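*Asks:* With my numbering applied, the sequence shown covers 1 to 108. Beta carbons are placed, not taken as given, at the ideal position from N, Cα and C, and that holds for glycine. Quantities reported herein were computed from a predicted structural model and do not represent experimental measurements.
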Amino acid sequence: MSTPAPACPQCSLEETHLQGEHYVCDVCGYEWPADLADMPPTEDIVRDANGVTLTNGDTIIMIKDLKVKGSSTTLKVGAKIKNIRLGGGDHPIEAGGYMLKAEFVRKA
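1) Cα-Cα, which of Q10, S12, G57, A34 is closest to E21?
2) In the DSSP assignment, what residue or residues form a beta bridge with I61?
3) Rank L18, H17, E31 by C-alpha distance to the C-alpha of Q10 and give the top, closest one.
4) For a test of the three-state rule: what should DSSP assign to A34, helix, strand or coil?
5) Just how far apart, CA to CA, sit K82 and K76?
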């Protein structure tokens, strides 16, 4: 019985297959070497819109107006948010009670 292919490191879906010496994700097309599939997952690195690595306690600045779901509040461009916390998932930044995607912020 063959072992199942690992989940994609980029989109975390399990629709992957082995193609030569690389695993390929059928959904997003991401490719990674088969020998890396046996390594334990590393800590997720969160990068802002400019590619700078974010850490807990950083100060960020909004680069786009964002409407807050379920509220009439809008986070404006240039708003500075201090002391962020990083988590996982689709919205890795927790800032002032808001969950944000890293693509809409830059490090101050």
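*Replies:* Let's see:
1) Taking each of Q10, S12, G57, A34 in turn and checking the Cα distance to E21, the smallest one comes out for A34.
2) The partner list for I61 (beta bridge, DSSP) reads K80, R106.
3) Closest by alpha carbon: E31.
4) Secondary structure at A34: helix, using DSSP grouped into helix, strand and coil.
5) K82 and K76 have their C-alpha atoms some 15 Å from each other.
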